[in-house]
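Structure record follows, encoded as structure tokens.
2 protein chains.
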Amino acid sequence: MSEDFLIEMGYAGLTGRLKRLSDAFIYQTRDFYREHESDIEPNWHMIFMLLQKNEKMTVTEIADALQLSHPAIVKLINKMKKRGYVDAEIDSQDNRKYQLMLSQKAKQKLPVLQDYWTAGEKALEELLGFNTRLLEEIQKLEDRMAEADFRTRMDKLLVNE
Amino acid sequence: MSEDFLIEMGYAGLTGRLKRLSDAFIYQTRDFYREHESDIEPNWHMIFMLLQKNEKMTVTEIADALQLSHPAIVKLINKMKKRGYVDAEIDSQDNRKYQLMLSQKAKQKLPVLQDYWTAGEKALEELLGFNTRLLEEIQKLEDRMAEADFRTRMDKLLVNE
DNA sequence: TAGATTTGCGTAACCAGTTACGTTTATTAT
DNA sequence: ATAATAAACGTAACTGGTTACGCAAATCTA
Chain A
45 MSEDFLIEMG
55 YAGLTGRLKR
65 LSDAFIYQTR
75 DFYREHESDI
85 EPNWHMIFML
95 LQKNEKMTVT
105 EIADALQLSH
115 PAIVKLINKM
125 KKRGYVDAEI
135 DSQDNRKYQL
145 MLSQKAKQKL
155 PVLQDYWTAG
165 EKALEELLGF
175 NTRLLEEIQK
185 LEDRMAEADF
195 RTRMDKLLVN
205 E
Chain B
45 MSEDFLIEMG
55 YAGLTGRLKR
65 LSDAFIYQTR
75 DFYREHESDI
85 EPNWHMIFML
95 LQKNEKMTVT
105 EIADALQLSH
115 PAIVKLINKM
125 KKRGYVDAEI
135 DSQDNRKYQL
145 MLSQKAKQKL
155 PVLQDYWTAG
165 EKALEELLGF
175 NTRLLEEIQK
185 LEDRMAEADF
195 RTRMDKLLVN
205 E
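Chains as they are written, first to last, in my numbering: chain A, 45 to 205; chain B, 45 to 205.
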């Protein structure tokens with residue numbers, strides 16, 4: 045008997061394995077930051093990158109770019125604000141919007157963070173065996189999900205309805 | 045500019061994409077069950093499969109087989125008990141242990157659930173393009189994580205310490 | 001230009017996992 | 001036989017996402 049029942053389950057175990065992997069990356073990244081006395085959190089990386097590229101963005105724009113729900117972004121940004129990494133100013137054209145940007149503190153910390161992220165990328169390249177096959181297969185999966193998602197396909201394939 | 049910033053991020057976006065995918069599978073599976081008036085939940089599948097194979101198992105044995113923490117299993121099993129899908133009896137040899145097994149209700153419902161799971165597997169096969177490349181690449185990633193995990197590799201690869 | 005609709009964002013409640021800690025029972029060592 | 005240690009499992013607090021709902025501001029429409 046295989047040690048790992050999810051592997052033994054074949055196709056049916058895949059979704060559980062994705063969850064396990066995703067969790068492992070999140071928890072280990074968080075531990076890494078804590079170990080290195082950093083008060084930043086795993087998924088801030090993508091916000092930093094976005095705000096380096098775009099200077100100013102609203103909650104909705106960030107949610108669209110990352111394809112997450114807007115409450116997810118609100119929570120993220122609130123924490124980043126509280127720790128002084130993000131500044132906000134009300135949009136001069138539209139009073140519903142806040143324009144978000146990296147704070148001075150964030151910009152000062154960037155070189156250190158950049159070292160962490162570089163280490164993370166290298167670690168990931170190692171874990172992928174220095175090729176992009178997994179990335180490509182993930183991409184195909186995402187593309188097919190965009191055509192017709194899991195739920196839709198399950199419904200269509202269900203026999204005894 | 046790509047619509048999806050995580051894709052644009054390359055390697056660095058992979059972990060976020062795994063999270064998104066994993067969440068998508070979980071939420072869509074939950075919706076599917078609800079739509080079909082089923083009171084079961086996404087990850088019960090793996091418990092059902094395990095308890096069909098092994099008849100009786102303890103919390104710790106299940107946690108080991110699925111490589112999840114034992115509190116995760118406790119929560120899962122409590123819900124399954126509450127809805128009458130799992131029965132428990134105290135181990136005759138060791139009073140700390142509960143032997144868990146599928147209830148009569150669970151066994152009766154199996155044929156219907158089996159239809160759902162078959163639809164799920166077929167949907168997954170479609171999404172993977174009827175080949176096992178993604179599965180193989182995931183396996184390699186898991187193997188490399190077992191050799192040395194993400195955190196360990198990041199630490200080793202960090203330059204300016 | 002007033003009324004209806006849409007948009008942006010905040011909040012609440014939920015979900016599925018984690019770590020940390022505590023209690024009871026079993027096992028090991030002296 | 002007893003004391004120390006280990007194991008099983010329960011609970012609490014946290015994390016990072018979701019959906020559902022509400023409100024205020026902006027935009028569209030008649």
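We put the beta carbon where it would ideally sit given N, CA and C, even for glycine.
- Closer than 8 Å at the C-beta level to chain A, one finds these residues of the segment 157-176 of chain B: ASP159, TYR160, TRP161, THR162, ALA163, GLY164, GLU165, LYS166, ALA167, LEU168, GLU169, GLU170, LEU171, LEU172, GLY173.
- Judged by DSSP secondary structure, ALA132 of chain A falls within the beta strand (DSSP E) whose first and last residues are 130-134.
- No Cβ of chain A is located within less than 7 Å of the beta carbon of GLU105 of chain B.
- A distance of 7 Å or more separates the beta carbons of PHE92 of chain B and PHE194 of chain A.
- Interface flag for MET124 of chain B against chain A is unset, since no Cβ pair is found closer than 7 Å.
- Within the same chain, Cβ atoms closer than 8 Å to the Cβ of THR102 of chain B are found at ASP135, LYS141, TYR142, GLN143, LEU144, the five residues on either side in sequence being excluded.
- Rounded to whole angstroms, the gap between the alpha carbons of LEU178 of chain B and GLN183 of chain A is 10 Å.
- LEU112 of chain B sits in coil when the DSSP states are folded into three classes, being neither helix nor strand.
- Below 8 Å, enough C-beta pairs join the segment 114-129 of chain A and the segment 73-90 of chain A to call them touching: three or more.
- Per the coordinates, the alpha-carbon of ASP131 of chain A lies some 16 Å from the alpha-carbon of THR104 of chain A.
- Per DSSP, the continuous alpha helix (DSSP H) segment holding LEU154 of chain A begins and ends at 148-171.
- No Cβ-Cβ contact shorter than 7 Å links SER113 of chain B with TYR129 of chain B.
- In this chain, ASN87 of chain B is not harboured by any alpha helix (DSSP H), its DSSP state being neither H nor E.
- PHE76 of chain B sits buried, since 16 or more C-beta atoms from the chains shown fall within 10 Å of its C-beta.
- Linking GLU186 of chain A to LEU65 of chain B through their CA atoms gives a straight-line distance of about 8 Å.
- If you look at ASP75 of chain B, you'll find it in the alpha helix (DSSP H) that goes 58-79.
- DSSP places GLN96 of chain A in the helix class (H, G or I) of the three-state scheme.
- Taking all protein chains in view, the Cβ of ARG197 of chain B is crowded by 16 or more other Cβ atoms within 10 Å, so the residue is classified as buried.
- Each residue's CA atom was taken as its position, placing LYS63 of chain A and LEU62 of chain B some 8 Å apart.
- Under the Cβ criterion of 7 Å, SER66 of chain B is counted among the residues facing chain A.
- Distance from the Cα of GLU191 of chain B is smallest, within the candidate group A:ARG188, A:ALA167, A:ARG78, A:ASP199, for A:ALA167.
- At a beta-carbon threshold of 9 Å, the residues of chain A lying near ASP75 of chain B are ARG195, ordered along the chain.
- In this structure, the beta-carbon distance from ALA109 of chain A to LEU120 of chain A does not fall below 7 Å.
- Using a CB distance cut-off of 7 Å, MET145 of chain B does not count as an interface residue toward chain A.
- Under DSSP, the beta-bridge partners assigned to LEU144 of chain A are A:MET101, A:ALA132.
- Taking ILE51 of chain B as the centre and dropping the five residues before and after it, the same chain places the C-beta of GLY57, ARG61 closer than 8 Å to its C-beta, in chain order.
- Measuring C-alpha to C-alpha distances from GLU133 of chain B to each of B:GLU170, B:ARG78, B:LYS100 identifies B:LYS100 as the nearest.
- PHE174 of chain A has its alpha-carbon roughly 42 Å from the corresponding atom of VAL203 of chain A.
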